[in-house]
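Chains as they are written, first to last, in the UniProt record's numbering: chain A, 1 to 218; chain B, 1 to 243.
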């Protein structure tokens, strides 16, 4: 399983496109928003928590179809499905690799993007904590969506339609935590709920993803 | 005593549903027309809201069907996953567009009522928002059905989506409650009957709700029958080509 994780990470880094592309997309969204709504600092500070979370969510979404599509094309997904390790484990590792290549860099780079949007000072730790807690859920849920649409030719658009409604609770709690942080309130409640969603998704969704993969590979 | 699983046999299902369908459809029409006429013309105007309040005779039953339609799809999906009855999968497929339209009707009638009453067509109120999210779930479910060619794969994958989606739809409901305070009023019908609306509104509303349930049943049965016939036709064409 660790070998699979290393393989996926190596592929993401060396093959280009996956790693870094998410970050670049995040940057572009963050640059486009002030161009769209105007450069007023107080307005930007007000909407920054939401924009940062939505941008993170879209950046995650962008790389989802790569999770299984390439492996499905060259047949290695069939090999993984027949390998002695359980498919649930494969799915979890795939989600972990996706998180390490998109969620984690986003979390680490987010203060920089917060700066661009005039995010208020007290919100920075909450931004990092909430992204760190929430992006694993985005990866796990996205893996489920990717598993559902793996066999489809034009799966990309459908994938977003399926996955985005599932992202709603994560987005709400994540952005709420940052907003409360920005206003100097206690952000504990949304953070706890966010962590609950993440842990619940990690615990339960790999089974759904694996079931969907088995159906698709039948 | 016959078991309910007998109707999992498409032939038996077609026979029985064919026999009952006109009756259910007629009763649905009777309840809907009766309830609406009763509601629109034989109830007094509200002292504050005037006659706009009467849109509730469409709004409330549609909203009820929109939610319970998804519940019915969930049950049908579970039956398909556990017992592999094709009728069940087709019923779930048949219910989705009906539920989606009902969600839309609830949203639109709500907007029409909200404009004079709340002064806005749309507010990011928890109930409204969760209905919009429910609409997105319906959209994704239908899109997934249409995207997959193999009917069994499609039935399996949409069932998985329906089950996972139900959990997340439920979560979204509470997340949205957490996110914003409500403008929408709470429930005014309950089993204990303490905070209920006046009987003069309640009885036509209940008639309408019954009518909507029967209407939903009619459409789902009709659409399921169509799906079964379409599948039989496909099998016939395939056999023709082989022979």
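Beta carbons: idealized from backbone N, C-alpha and C, even for Gly. These figures come from a predicted structure and were not determined experimentally.
Next item on the list: Could you have a look at residue 152/B and say whether DSSP puts it in helix, strand or coil?
Entry: In the second chain, counting from the first residue as 1, residue 152/B sits at position 152. It is helical.
Notebook entry, point to check: Any beta-carbon of chain A closer than 8 Å to the one on residue 137/B?
Noted result: Here residue 137/B is taken as the residue at index 137 of the second chain, counted from 1. Chain A has a Cβ within less than 8 Å of the Cβ of residue 137/B.
Check: According to DSSP, is residue 125/B helix, strand or coil?
Finding: As a first step, residue 125/B is located in the second chain; it is residue number 125 there, counting from the start. Residue 125/B: coil per DSSP, three-state reduction.
Check: Going along chain A in order, which residues have a C-beta closer than 8 Å to the C-beta of residue 238/B?
Finding: If you number the second chain from 1, residue 238/B lands on position 238. Within chain A, no residue has its beta carbon less than 8 Å from that of residue 238/B; the closest one is some 20 Å off.
Note to self: For a contact defined as C-beta to C-beta under 7 Å, what are the partners of residue 212/A on chain B?
What the structure shows: Along the first chain, one-based indexing puts residue 212/A at 212. Chain B residues near residue 212/A: 157 and 160.
Next item on the list: Given a cut-off of 8 Å, decide if residue 53/A and residue 156/A are closer than it, judged by their beta-carbon atoms.
Entry: Counted from its first residue, the first chain places residue 156/A at position 156. Counted from its first residue, the first chain places residue 53/A at position 53. No, these two residues do not count as a Cβ contact at 8 Å.
Next item on the list: Using the Cα positions of residue 29/B and residue 90/B, report the straight-line distance between them to the nearest angstrom.
Entry: Locating residue 29/B in the second chain gives position 29, where the first residue counts as 1. Locating residue 90/B in the second chain gives position 90, where the first residue counts as 1. Their backbone Cα atoms lie some 24 Å apart in a straight line.
Check: Under the three-state reduction of DSSP, which class applies to residue 99/B: helix, strand or coil?
Finding: As a position in the second chain, residue 99/B is number 99, starting the count at 1. Helix.
Next item on the list: Determine the contact status of residue 137/A and residue 201/A, defining contact as a CB-CB distance below 8 Å.
Entry: The residue you call residue 137/A lines up with position 137 of the first chain. The residue you call residue 201/A lines up with position 201 of the first chain. Contact: yes.
Next item on the list: Kindly indicate if chain A contains any beta-carbon less than 8 Å away from that of residue 153/B.
Entry: Mapped onto the second chain, residue 153/B falls at position 153. Answer yes: the Cβ-Cβ gap between residue 153/B and chain A drops below 8 Å somewhere.
Margin query: I need the DSSP call for residue 103/A, collapsed to helix, strand or coil.
Written below: Counting from one through the first chain, the residue named residue 103/A turns up at place 103. It is helical.
Item checked: Neighbourhood of residue 139/B by C-beta distance below 8 Å, restricted to the same chain and skipping five residues each side -> As a first step, residue 139/B is located in the second chain; it is residue number 139 there, counting from the start. Excluding sequence neighbours, residue 139/B sits near 100.
Item checked: Where residue 257/A sits in the DSSP three-state scheme -> Outside the shown range of chain A (1 to 218) lies residue 257/A, about which nothing can therefore be said.
Check: With DSSP run on the structure shown, which of helix, strand or coil describes residue 177/B?
Finding: The sequence position of residue 177/B within the second chain is 177, counting from 1. Three-state DSSP puts residue 177/B in a helix.
Item checked: DSSP state of residue 46/B mapped onto helix, strand, coil -> Counting from one through the second chain, the residue named residue 46/B turns up at place 46. If DSSP states are grouped into helix, strand and coil, residue 46/B belongs with the strands.
Checklist line | Short Cβ contact (8 Å threshold) for residue 181/A with residue 135/A | finding: Indexing the first chain from 1 puts residue 181/A at position 181. Indexing the first chain from 1 puts residue 135/A at position 135. For residue 181/A and residue 135/A, no; Cβs fall outside 8 Å.
Margin query: So, with DSSP's three-state summary, where would you put residue 84/A?
Written below: Locating residue 84/A in the first chain gives position 84, where the first residue counts as 1. Residue 84/A: coil per DSSP, three-state reduction.
Item checked: Simplified DSSP state of residue 9/B, which is helix, strand or coil -> Mapped onto the second chain, residue 9/B falls at position 9. In the structure shown, the three-state DSSP call for residue 9/B is coil.
Notebook entry, point to check: Out of 183/A, 129/A, 186/A and 151/A, which has the shortest C-alpha to C-alpha gap to residue 74/A?
Noted result: For the purposes of this step, residue 74/A is identified with residue 74 of the first chain, where counting begins at 1. For the residues 183/A, 129/A, 186/A and 151/A, the minimum Cα distance to residue 74/A belongs to 151/A.
Next item on the list: Measure the beta-carbon distance from residue 37/A to residue 43/A and round it to whole angstroms, keeping in mind my assumption that it falls under 8 Å.
Entry: For the purposes of this step, residue 37/A is taken as residue 37 along the first chain, with counting starting at 1. For the purposes of this step, residue 43/A is taken as residue 43 along the first chain, with counting starting at 1. Under the criterion of beta carbons closer than 8 Å, residue 37/A and residue 43/A qualify as touching, at roughly 6 Å.
Notebook entry, point to check: Whose Cβ in chain B lies nearer than 8 Å to the Cβ of residue 272/A?
Noted result: Chain A is shown from 1 up to 218; residue 272/A falls before or after that span and cannot be answered.
Note to self: Does any residue of chain A have a CB that is nearer than 8 Å to the CB of residue 175/B?
What the structure shows: The sequence position of residue 175/B within the second chain is 175, counting from 1. Output row for residue 175/B: interface = yes.
Notebook entry, point to check: Between residue 96/B and residue 63/B, which are expected to be in contact by the criterion C-beta below 8 Å, what is the C-beta distance as a whole number of angstroms?
Noted result: Here residue 96/B corresponds to residue number 96 of the second chain, with the count starting at 1. Here residue 63/B corresponds to residue number 63 of the second chain, with the count starting at 1. Rounded, the Cβ-Cβ distance is 17 Å, inconsistent with contact.
Checklist line | Coarse secondary structure for residue 118/B, derived from DSSP in three states | finding: As a working mapping, residue 118/B is identified with position 118 in the second chain. Correct three-state label for residue 118/B: coil.
Item checked: Neighbouring residues, chain B, relative to residue 169/A (Cβ below 7 Å) -> Counting from one through the first chain, the residue named residue 169/A turns up at place 169. Result: 168, 171, 172 and 175.
Item checked: Inter-stretch contact (C-beta, 8 Å, three-pair minimum) for the stretch 158–173 of chain A and the stretch 139–150 of chain A -> yes
Checklist line | Any C-beta of chain B under 8 Å from that of residue 245/A | finding: Coverage of chain A is limited to positions 1 through 218, which leaves residue 245/A absent and any answer about it impossible.
Item checked: Presumed contact (8 Å Cβ cut-off) between residue 169/B and residue 137/B, rounded CB distance -> Here residue 169/B corresponds to residue number 169 of the second chain, with the count starting at 1. Here residue 137/B corresponds to residue number 137 of the second chain, with the count starting at 1. With a Cβ gap of about 6 Å, residue 169/B and residue 137/B count as contacting.
Item checked: Selected residue, minimal CA-CA separation from residue 35/B, among 65/B, 203/B and 50/B -> Here residue 35/B corresponds to residue number 35 of the second chain, with the count starting at 1. Nearest C-alpha to residue 35/B: 203/B.
Note to self: Helix, strand or coil, according to DSSP, for residue 190/A in the structure here?
What the structure shows: The residue labelled residue 190/A in the question sits at position 190 within the first chain. It is helical.
Item checked: CA-to-CA distance, residue 48/A to residue 41/A, given in whole angstroms -> Start at 1 with the first residue of the first chain, and residue 41/A comes out as number 41. Start at 1 with the first residue of the first chain, and residue 48/A comes out as number 48. Those two C-alpha atoms are separated by around 10 Å.
Item checked: Beta-carbon neighbours of residue 148/A, restricted to chain B and to distances below 8 Å -> As a position in the first chain, residue 148/A is number 148, starting the count at 1. The answer, in chain order, is 144, 157, 160 and 161.
Check: Contact between the stretch 154–170 of chain B and the stretch 119–128 of chain B: three or more CB pairs below 8 Å?
Finding: no
Notebook entry, point to check: Nearest-angstrom Cα distance between residue 99/A and residue 198/A?
Noted result: Locating residue 99/A in the first chain gives position 99, where the first residue counts as 1. Locating residue 198/A in the first chain gives position 198, where the first residue counts as 1. Taking the straight line joining both Cα atoms gives about 12 Å.
Next item on the list: Below 8 Å CB to CB, which residues in the same chain sit around residue 6/B once its five sequence neighbours on both sides are set aside?
Entry: Here residue 6/B refers to the residue found at position 6 of the second chain. Closer than 8 Å at the Cβ level, and outside the excluded window around residue 6/B, lie 12.
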